[in-house]
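Protein chains in written order, with the numbering used here: chain A, 1 to 130; chain B, 1001 to 1130.
Built from N, CA and C at the ideal position, the CB exists for glycine as well.
These notes are about the structure you will find just below.
There are 2 protein chains.
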Amino acid sequence: MSEPKLPRPTDSELGILQVLWERGPSTVRDVHEALSKGAEGTGYTTVLKLMQIMTEKGLVERDESQRAHVYRTRATQQKTQRQLVTDLLDKAFGGSPAQLAMQALSTKKASAEELAELRKLLDTLEEETP
Amino acid sequence: MSEPKLPRPTDSELGILQVLWERGPSTVRDVHEALSKGAEGTGYTTVLKLMQIMTEKGLVERDESQRAHVYRTRATQQKTQRQLVTDLLDKAFGGSPAQLAMQALSTKKASAEELAELRKLLDTLEEETP
DNA sequence: CTTCATCTACGAAGCTCTTCGTTGACATCT
DNA sequence: AGATGTCAACGAAGAGCTTCGTAGATGAAG
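This is the structure:
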């Protein structure tokens, strides 16, 4: 009952969440710099505004005890991933998880370790479905 | 070189595309009725407008030789799925296809047949990555 | 021919997302 | 104290998405 169902993050919001998941609790400046490392640049105030809105939406929480507020995510990466996958499943895969899985694997090569892990999961799943 | 890179469909647009993939070339009325079958209802003109915009975007093509224009998709479901998966991969899974695959399988139970098919794909993939 | 149904086209309203400039608070440095 | 830099908070602009009402063309039915 502690899950008021967070809204689906937009693309930009996901970019920010990525940083927070990687770095842990961060200030706006931290996030802005992390996002600027790559290539394109969004302005500082743009990031700030987004994070403020994300706070309103409940996607992140902030600690205001410091002058530079510190933000942290409210949902784990896993939970968010699950939400996005469920969404995509319904929207474009007619609800077939295996098809989504296969499409994912065909799209980009996975490492041997990950494939082994996936195989393991597959084993347990097939046991459950005799 | 015949791929001018179609834009990513929005959620509503995907709903329409789903219908077109299932039914094949259809009129606006066809699509509207198919969408109304389920539950909620979008107005007829709303669907029309969306499909007009989708035509401008190049997501669908239309045959105007009949009074009721006939629309058909320009990209296969597979291609669109691939696009969406690639997108999601970058946006939320740090580019790891296996993780996306596992998340998909954990989210919803797949049939035994699909699991077998997936295992097959896994076999060929592991051969390629010794 | 007149009426009625069906279809496309157009335009506008309301909403969300993204972007950034400006302002005022606060701290730090000299 | 005064100047400089950093910060949060607005507010507003512009784009895209979704919705639908209305108008005008076209075909069918009486």
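Exposure label - residue i; buried when at least 16 CB within 10 Å
| i | result |
| --- | --- |
| A:T76 | exposed |
| A:T73 | buried |
| A:G15 | buried |
| A:Q18 | buried |
Own chain residues within Cβ distance below 7 Å of residue i, not counting five before or after
| i | result |
| --- | --- |
| A:F93 | Q99 and L100 |
| A:T124 | none |
| A:R29 | A68 |
| A:R23 | D30 and A34 |
| A:G38 | none |
| B:P1148 | Since the first residue of chain B shown is 1001 and the last is 1130, residue 1148 of chain B is not available in this structure. |
Inter-residue spacing [alpha-carbon to alpha-carbon] between residue i and residue j
| i | j | result |
| --- | --- | --- |
| A:D63 | B:T1080 | 41 Å |
| B:Q1066 | B:Q1052 | 16 Å |
| A:L105 | B:T1086 | 10 Å |
| B:G1041 | B:P1025 | 21 Å |
| A:E127 | B:A1112 | 10 Å |
| B:L1084 | A:T27 | 31 Å |
| B:E1117 | A:K120 | 15 Å |
| A:T10 | B:L1115 | 32 Å |
| B:Q1078 | A:Q78 | 26 Å |
| B:S1036 | A:K91 | 16 Å |
| B:L1006 | A:L6 | 30 Å |
Cβ-Cβ distance between residue i and residue j below 8 Å
| i | j | result |
| --- | --- | --- |
| B:L1020 | B:V1060 | yes |
| A:K95 | B:K1108 | For the record, residue 95 of chain A in the displayed sequence is Gly; it is not Lys. Yes, these two residues count as a Cβ contact at 8 Å. |
| B:Q1103 | A:R82 | yes |
Unbroken alpha helix (DSSP H) run spanning residue i, endpoints
| i | result |
| --- | --- |
| B:E1061 | That residue, B:E1061, is in no alpha helix (DSSP H); its beta strand (DSSP E) goes V1060 to D1063. |
| A:R119 | A112 to E128 |
| A:T46 | Y44 to K57 |
| A:T86 | Q77 to A92 |
| A:S26 | Here A:S26 belongs to no alpha helix (DSSP H), and DSSP marks it neither H nor E. |
| B:P1097 | P1097 to T1107 |
Neighbourhood of residue i by C-beta distance below 8 Å, restricted to the same chain and skipping five residues each side
| i | result |
| --- | --- |
| A:T55 | E61, R62 and Y71 |
| A:T4 | One detail in the question is off: residue 4 of chain A reads as Pro in this sequence, not Thr. G58, listed in sequence order. |
| A:L50 | S12, E13 and I16 |
Run of the beta strand (DSSP E) containing residue i, from where it starts to where it stops
| i | result |
| --- | --- |
| A:T73 | V70 to T73 |
Cβ shell of residue i (< 6 Å), same chain only, five flanking positions each side left out
| i | result |
| --- | --- |
| B:H1032 | Y1044 and V1047 |
| B:L1122 | none |
Cβ-heavy atom distance, residue i to the ligand COA, below 7 Å
| i | result |
| --- | --- |
| A:Q78 | Although the ligand COA was asked about, the structure shown includes no ligands whatsoever. |
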